[in-house]
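In this note's numbering, the protein residues as written are 7 to 204.
Ideal Cβ positions, reconstructed from N, Cα and C, are used throughout, including at glycine.
Quick caveat, the model's predicted, so the values are computed rather than measured.
All remarks here apply to the structure that follows.
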């Protein structure tokens with residue numbers, strides 16, 4: 007599903023356009039997207055045809071073509087620096103990690119972090135690897151217009167920093183469940199000894 011969504015965004019299609027072109031109903035697609043029912047081979051072939059990839063590329067993200075994205079350099083670099091700071095790391099730490107995993111991704115991250123233009127073109131894999139390293143949703147960097155996801159992620163980062171300041175080594179944010187961003191920030195303030203915001 008993540009690969010379908012990645013390829014759909016790269017094609018500039020909405021979910022509705024993808025569903026319509028693949029000949030599926032909204033409920034049919036959603037039941038499969040929500041893992042209630044499995045895709046069959048006809049579904050995979052229909053989606054692959056719309057997305058202009060082979061069924062094998064659709065079913066196996068590792069064999070899918072890499073996607074280049076034009077992204078706003080300043081805001082995205084700022085988010086990457088926010089992720090680095092939340093880990094008490096440096097840009098050099100992130101770049102060294104990326105260099106070990108995929109030298110092309112490290113090169114792309116260097117371009118982003120040193121950009122002097124308004125936009126840069128990056129392989130989406132660069133952003134995926136950064137978010138994986140930072141343990142945040144990939145959409146934090148790939149869909150920077152999602153305000154709810156941004157708010158939740160930044161609240162988690164604030165809590166992560168407060169916990170580190172309080173001596174905690176790490177936290178699995180999935181264990182927090184569906185706490186609201188306000189609740190996460192309240193916990194962070196409590197850990198830092200600040201009174202709740204009025």
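Can you find the residues in the same chain that come closer than 8 Å, C-beta to C-beta, to residue 159, ignoring five residues on each side of it along the sequence? 142, 143, 146
Residue range of the beta strand (DSSP E) that residue 74 falls in? 74-78
Are residue 94 and residue 104 touching if we call contact CB-CB under 7 Å? no
Straight-line Cα distance separating residue 9 from residue 187: 28 Å
Using 8 Å for Cβ pairs, my map puts residue 28 next to residue 56. What's the rounded Cβ distance? 5 Å
Does DSSP put residue 137 in a helix, in a strand, or in coil? helix
For the pair the region 42-54 and the region 124-136, tell me if three or more CB-CB distances fall below 8 Å. no
Using three-state DSSP, classify residue 56 as helix, strand or coil. helix
Just the Cα atoms here: how many angstroms apart are residue 92 and residue 165? 9 Å
With 16 other CB atoms within 10 Å as the buried threshold, where does residue 62 fall? exposed
Answer yes or no: do residue 197 and residue 168 have a C-beta to C-beta separation smaller than 7 Å? yes
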